[in-house]
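To start, the structure under review is shown below, and the notes come after it.
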Amino acid sequence: MTGRFDLFAATRWVPWLFTGLVLFFLAAPLFVVVPAAFNNSSLLQFPPRAWSLRWFHQYFDNPSWIEATLMSVKVGICVSLLATLLGLASAVGLARYRLFGRNLLRALVMAPLLVPVIVIAVGLYELFLRLGINGSFAAIVIGHTLVTFPYATVVIGAALAEIDPRLENAAVGLGARRPRAFLEVTLPLIRPGLVVAALFGFLISFDEVVLAIFLTSPATMTLPRRLWDGIRFELNPTIAAVSTMLIVLSTVVMLLSEVLRRVLARRSGLPAGQGR
Amino acid sequence: MAGYGAGLLLLPGFAFILLFFLVPVGLILAQSLFDPAFSLRFYERIFTGPDYLTVLWISLKIAILTTAISLAASYPVAYMLVVARPAIRSLMLAFILLPFWTNVLIRCYAWMLVLQTKGLVNTLLVGWLHALAAPAPLVFNLTGVIIGMVHYVVPINILVLFSVMKAVDLRLVQAAKGLGANPLRAFLAVFVPLTLPGVRAASMLVLVISLGFFVTPALLGGREETTIAILVNTYFTEVLDWGFGSALAGLLLVFTLAGLSLYFAAQREGAELAAR
Amino acid sequence: MSAAERSAAETAAIGAAAGAAEALGAGAAGRRGVLAPRGAPIELRGIVKRYGAMTAVDAVSLAIAAGEFVSFLGPSGSGKTTTLLMIAGFVAPNAGAILLGGADITRLPPYRRNIGMVYQSYALFPHMTVARNIAFPLRMRGMRKAEIRRRTERVLGLVRLEGFEDRLPNQLSGGQQQRVALARALVFEPPLLLMDEPLGALDKKLREELQVEIKRIQREIRSTVVYVTHDQEEALSMSDRVVVMNRGRIEQVGSPSELYERPRTRFVADFLGAANFLEAEIIRRDGTALLRTRNGTLLEATLPEGAVFGGSALVAIRPERVRLGAASPLPEGWRAARVVESSYHGNTQRFQVALDSGDRLTAFRPNTGEPPAPPGTAVAVRWEARDAWVIPQREDA
Chain A
115 MTGRFDLFAA
125 TRWVPWLFTG
135 LVLFFLAAPL
145 FVVVPAAFNN
155 SSLLQFPPRA
165 WSLRWFHQYF
175 DNPSWIEATL
185 MSVKVGICVS
195 LLATLLGLAS
205 AVGLARYRLF
215 GRNLLRALVM
225 APLLVPVIVI
235 AVGLYELFLR
245 LGINGSFAAI
255 VIGHTLVTFP
265 YATVVIGAAL
275 AEIDPRLENA
285 AVGLGARRPR
295 AFLEVTLPLI
305 RPGLVVAALF
315 GFLISFDEVV
325 LAIFLTSPAT
335 MTLPRRLWDG
345 IRFELNPTIA
355 AVSTMLIVLS
365 TVVMLLSEVL
375 RRVLARRSGL
385 PAGQGR
Chain B
83 MAGYGAGLLL
93 LPGFAFILLF
103 FLVPVGLILA
113 QSLFDPAFSL
123 RFYERIFTGP
133 DYLTVLWISL
143 KIAILTTAIS
153 LAASYPVAYM
163 LVVARPAIRS
173 LMLAFILLPF
183 WTNVLIRCYA
193 WMLVLQTKGL
203 VNTLLVGWLH
213 ALAAPAPLVF
223 NLTGVIIGMV
233 HYVVPINILV
243 LFSVMKAVDL
253 RLVQAAKGLG
263 ANPLRAFLAV
273 FVPLTLPGVR
283 AASMLVLVIS
293 LGFFVTPALL
303 GGREETTIAI
313 LVNTYFTEVL
323 DWGFGSALAG
333 LLLVFTLAGL
343 SLYFAAQREG
353 AELAAR
Chain C
141 MSAAERSAAE
151 TAAIGAAAGA
161 AEALGAGAAG
171 RRGVLAPRGA
181 PIELRGIVKR
191 YGAMTAVDAV
201 SLAIAAGEFV
211 SFLGPSGSGK
221 TTTLLMIAGF
231 VAPNAGAILL
241 GGADITRLPP
251 YRRNIGMVYQ
261 SYALFPHMTV
271 ARNIAFPLRM
281 RGMRKAEIRR
291 RTERVLGLVR
301 LEGFEDRLPN
311 QLSGGQQQRV
321 ALARALVFEP
331 PLLLMDEPLG
341 ALDKKLREEL
351 QVEIKRIQRE
361 IRSTVVYVTH
371 DQEEALSMSD
381 RVVVMNRGRI
391 EQVGSPSELY
401 ERPRTRFVAD
411 FLGAANFLEA
421 EIIRRDGTAL
431 LRTRNGTLLE
441 ATLPEGAVFG
451 GSALVAIRPE
461 RVRLGAASPL
471 PEGWRAARVV
481 ESSYHGNTQR
491 FQVALDSGDR
501 LTAFRPNTGE
511 PPAPPGTAVA
521 VRWEARDAWV
531 IPQREDA
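What follows is the structure, given as structure tokens:
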């Protein structure tokens, strides 16, 4: 076979080239916002003629941006806690539930993720208007919890499925009552899942747009809602400055969660790279 | 073990779903069918007015185009993820997860900066390369919507396909090569058929997401690209005709459920194939 | 006699013996135990477990004396593990009662039974150190810190793992993990220790080492042990008594030698070691029986006491009891045969031989370095009447 032209060896780079192009398409556009954010002019032009930090100053000096950011953090923390607790109870319940209709219950937990958000948004909008709580802090927390706790249930459910059910039984056999066995054995073992669920809850809430459009008022405006208004009605480079900071944030979160995952995996005695 | 307290654990989650998901969605459906007595008037209006049929057609066209392009881009990348060395795979995943974790508004905004008349691409083509005499219309039209939507769904599509492909036994491809198939034929005759049920399921999921998506068409589309989701928003917040808005939401829900049942059917078929 | 009647009779007999053994056991333990004496008798009274239409455990009755080491042996699905889980309290029987130390524990939740259990998977808590794993049952019992430390140290000494306190389970070898599991099951001094294929995950060498170790520890603490295994050698070498289970029922209970030498069913004879089975007609009986196979081989065999036989019977002969010798001249009392097949197994050579009548037998010969006999070789075979054992034919067999 020596010396024969091997078509397949010679074209091995083609799929890699294609992959590279797709990955470039996915990631590169995001970084276009960076030069736009440091552009001195309010006109968008490439490359910028002069650099400045004025759009970042605009963000920090404008109370509407800062308040929206703080509101998003507050909502995110509440949603994260609520979704993780609901997800934990539901995941444990589903794992233990052995009666009829089990699959129906599973499907029902996932349903809020499968129905278009706009349908949920108008439904909750109407319900909350009738209850007179639309635009309140509770309204947006409830809305975001609805679309995050199914994730939490799945993530925690997966963590539960990975641990040996005999461990909790062993604890009971060694003299622990069920709740104690759960606290002493199962809960520490699913801690990585809980952390991921909480992180997911925060990030999804922090990013959510459509529910925020319908369920927030000026008093409870979240950052994505403020961005939405900004993109639609202002379109000045402050948006680019905010976007730059958020992209940096999501990069940091991504790296941090990877590190956290490895640390937690090591501490719980599982080889890194396992799970997820 | 008989479930102890399983019902009690499931209670908060399902109460939440009942109150804030089933009730609001039911409210919308009821509203679309009663005016104030039972009537299909709103649905009739959708199917008799030419404008609304156009909207339906545009929504479907966007969803189908997005799904097809996304599959073409995602399938090879997912495969390369499977065969790549761990270090390369982590790098690829970073490129995929960064947009995944970036707010959809920022992604749309970034595309505006890239695609608009004075954006990066047109500056490049017109000003520097002189490839075009005048800027090409790339955004606030169908092109812009499709680019934005594909950018939104490709990371999801890749991750789903990756999980499907990970389950395929690569030794089968190896065996085919050992039996005399060249790499391309081994790939087409063994690997691709084994992933087909997964591909069908993933595409159905992408289709459902695209169909109900609101933000990207609203920001990157023009007047022509009005989708059902946009119309739902319009009727609830601008026209304030909730009955008709509800009917549009109901229709979106029906489309979604139809797509989902196909998705689950494809998934079940995939599971059966894997079990064989 | 039906299986149920027989096991009921056995239960009665053993139950009477148990009281005496308990008194004896307690005395002995008082003298030599490292930890306090605590073996308790356990009794199963007709326990039944059904899963839908399937009966996993079918009216099992058995009495185990304090300090006794009893193995449940059987193929997978024979009900041995289900029986163990019912004793531990993880599976509720549909009928019957379980008595531990004379008290009915049938409806007691597992955490109140005070029974130690060792699992095949070890079930060590991966997020706790060795010391915390062992301390777990003591903490659940609200023991003081100093007492916990004292007991943990002592039991680590017992399983020879001093110095491993702060390791995590995944930093230990399989054998060490099993020792920790054993220590955790023993540290609260349970009256009964259950072991569910505890050595199943280990390789052969380590398994044999730990068998010796477990026996040493059991002798030291005089605990009652119920041991589930599907490894017949393990059951025979470790146990005071072995319970052979099949399809949810007890086939036979007895000492290892009773089971091996005097199996009461074809299943037991077949499951424990290898056996030659010959269908034969009883033509005369006094002390022993004279039988004739369909092919006409005449043989003498031992009859079990008290059993009633019809005309036909099944004779079992262990292959290692079939002796082989030179064919010519044929010695007195030997039979002429021909080698059909021979195979080499390292420490033994195995032959299939055909008697002149056409009946075939398997014979094992220790590998003493003699050259193997190729197929076709004429040989002489012999076995003693005491090694040919008549198995009572069961109605349902």
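Chains as they are written, first to last, in the working numbering: chain A, 115 to 390; chain B, 83 to 358; chain C, 141 to 537. Ideal Cβ positions, reconstructed from N, Cα and C, are used throughout, including at glycine.
query                                                                                                                                                                                         : result
Report the three-state DSSP secondary structure of C:Met-280 (helix, strand or coil).                                                                                                         : helix
What do you get for A:Trp-179, buried or exposed, if any count of 16 or more other CB atoms within 10 angstroms of its CB means buried?                                                       : buried
Going by C-alpha distance, which of A:Phe-174, A:Asp-343, A:Leu-202 is nearest A:Val-268?                                                                                                     : A:Leu-202
So if DSSP puts C:Lys-189 in a beta bridge, which residue, or which two residues, is it bridged to?                                                                                           : C:Val-197
Can you give me the start and stop residues for the alpha helix (DSSP H) that C:Gln-316 sits inside?                                                                                          : 314-326
Mind checking C:Tyr-367: buried by the 16 CB within 10 Å criterion, or exposed?                                                                                                               : buried
Would you check if the stretch 204-216 of chain C and the stretch 226-236 of chain C touch, i.e. whether three or more CB-CB distances between them fall below 8 Å?                           : no
Looking at the unbroken alpha helix (DSSP H) that takes in B:Met-174, where does it start and where does it end?                                                                              : 168-183
Have a look at A:Leu-131 and C:His-267 and give me their C-alpha separation to the nearest angstrom.                                                                                          : 45 Å
By alpha-carbon positions, which one of B:Leu-180, B:Leu-175, B:Val-290, B:Pro-299 ends up nearest to B:Leu-333?                                                                              : B:Val-290
Using the beta-carbon of each residue, which ones in chain B are nearer than 9 Å to A:Leu-325?                                                                                                : None at all; the shortest Cβ gap to chain B is about 11 Å.
To be precise: take each residue of the stretch 203-220 of chain A, compare its Cβ to all Cβ atoms of chain B, and keep it if any distance is under 8 Å. Which residues remain?               : Ala-203, Ser-204, Val-206, Gly-207, Leu-208, Arg-210, Tyr-211, Arg-212, Leu-213, Leu-219
Could you check whether the Cβ of A:Trp-130 sits closer than 8 Å to any Cβ belonging to chain B?                                                                                              : yes
Roughly how many angstroms lie between the CA atoms of C:Leu-333 and A:Val-206, to the nearest whole one?                                                                                     : 31 Å
Flag this pair as yes or no: are the beta carbons of B:Leu-243 and B:Val-272 separated by less than 8 Å?                                                                                      : no
According to DSSP, is C:Gly-465 helix, strand or coil?                                                                                                                                        : strand
Nearest-angstrom Cα distance between B:Ser-285 and A:Ala-182?                                                                                                                                 : 36 Å
Give me the residue from B:Val-288, B:Met-247, B:Leu-163, B:Val-159 with the minimum Cα distance to B:Phe-147.                                                                                : Looking at the sequence provided, one finds Leu at residue 147 of chain B rather than Phe. Among B:Val-288, B:Met-247, B:Leu-163, B:Val-159, the Cα nearest to that of B:Leu-147 is on B:Val-288.
Do you know how far the Cα of C:Ser-452 is from the Cα of C:Leu-164?                                                                                                                          : Residue confidence for C:Leu-164 is low, a pLDDT of 37 falling below 50, so the modelled location carries little weight; the figure read from the coordinates is stated next. Going from the Cα of C:Leu-164 to the Cα of C:Ser-452 covers about 44 Å.
For C:Leu-501, which residues does DSSP report across the bridge?                                                                                                                             : C:Val-493
Roughly how many whole angstroms lie between the Cα atoms of A:Ala-235 and A:Met-335?                                                                                                         : 15 Å
Assuming contact is defined by CB atoms lying nearer than 8 Å, are A:His-258 and A:Val-309 in contact in what I supplied?                                                                     : no
By DSSP, does B:Phe-98 sit in helix, in strand, or in coil?                                                                                                                                   : helix
Tell me whether C:Gln-260 sits in a helix, a strand or coil according to DSSP, three-state version.                                                                                           : coil
Does the beta carbon of A:Tyr-173 come closer than 8 Å to any beta carbon on chain B?                                                                                                         : no
Report the three-state DSSP secondary structure of A:Phe-314 (helix, strand or coil).                                                                                                         : helix
What residue range is occupied by the uninterrupted beta strand (DSSP E) comprising B:Val-281?                                                                                                : Segment 274-294 is the alpha helix (DSSP H) holding B:Val-281; no beta strand (DSSP E) there.
Listed from N- to C-terminal order along the chain, which residues in the stretch 280-296 of chain A have their beta-carbon within a distance smaller than 9 Å of any beta-carbon of chain C? : Arg-280, Leu-281, Asn-283, Ala-284, Ala-285, Val-286, Gly-287, Leu-288, Gly-289, Ala-290, Arg-291, Arg-292, Arg-294, Ala-295
Hey, does C:Trp-529 have any beta-carbon neighbour from chain A nearer than 8 Å?                                                                                                              : no
Are the CB atoms of C:Val-200 and C:Thr-221 nearer to each other than 8 Å?                                                                                                                    : no
Give the residues of chain C in contact with A:Pro-302, contact being defined as C-beta atoms less than 7 Å apart.                                                                            : His-267
Pick helix, strand or coil for C:Met-385, following the three-state DSSP scheme.                                                                                                              : strand
Can you list the residues of chain A that C:Met-385 reaches, using a CB-CB cut of under 9 Å?                                                                                                  : Result: empty, since nearest Cβ-Cβ is about 22 Å, beyond 9 Å.
Can you have a look at A:Arg-369 and say buried or exposed, based on whether 16 or more other CB atoms are within 10 angstroms of its CB?                                                     : Position check: residue 369 of chain A holds Leu in this sequence, whereas Arg was assumed. Classification of A:Leu-369: exposed, given that the 10 Å Cβ count is below 16.
Would the stretch 377-384 of chain C count as touching the stretch 500-518 of chain C if we require 3 or more Cβ pairs under 8 Å?                                                             : no
Using the Cβ count rule (16 or more neighbours within 10 Å means buried), how would you classify B:Ala-257?                                                                                   : exposed
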